[in-house]
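A.B. asks: In the working numbering, the protein residues as written are -16 to 110.
All C-beta atoms in this analysis are idealised placements derived from N, C-alpha and C, irrespective of residue type, glycine included.
Remember, predicted model here, so these are calculated numbers, not experimental data.
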C-alpha cells in the first residue's frame, strides 16, 4: 500500500467515526427541539395556556355580572311576594305592565340612537 492509500483509508475511518459520533446527538437535538417547539406553540402549549386563562378570566367576570343581576332580580321579586308585599314595588310594576301614569307623574322622553322617542314606540297611557 502506498502512503496515499493509507492516508485515504485513515481519513475515511475518521470521517465515519466522526459521523457516528455526531449523528446521535444531532437526532437527539432535533427530537428535543421538536418537543420544545410544540410545548410553546402547540394546541396545549404555553401560548394556548395564556389564551385559555384569559378566556377563563373573561368568563368569570361575566359570571359575576350575571350573578349580581340575578341577585338584584331576586331582591325585586322578593318585594312582590304575598307574605312581604311592598306597595311601592306593586305600584311600579302595575304601572309598567299597564303602561299608565299618575296625574302628578313627570314623563321624560328619551332619544334613542335612531332619533325616535322611546315613548313613540309605546301607546299613549290613559289616566
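One question on the structure: do residue 63 and residue 72 come within less than 8 Å of each other, judged by their Cβ atoms?
C.D. replies: Contact flag set, yes.
A.B. asks: Taking the alpha-carbon positions, what's the residue 82 to residue 75 distance?
C.D. replies: Approximately 10 Å, taken between the alpha carbons.
A.B. asks: Between which two residues does the alpha helix (DSSP H) carrying residue 11 extend?
C.D. replies: That run of the alpha helix (DSSP H) goes -14 to 24.
A.B. asks: Starting from residue 66, trace the alpha helix (DSSP H) both ways and give me its first and last residue.
C.D. replies: Where residue 66 is concerned, there is no enclosing alpha helix (DSSP H), given that its DSSP letter is neither H nor E.
A.B. asks: Answer yes or no: do residue 28 and residue 21 have a C-beta to C-beta separation smaller than 8 Å?
C.D. replies: Against a cut-off of 8 Å, the Cβ pair of residue 21 and residue 28 comes out as a contact.
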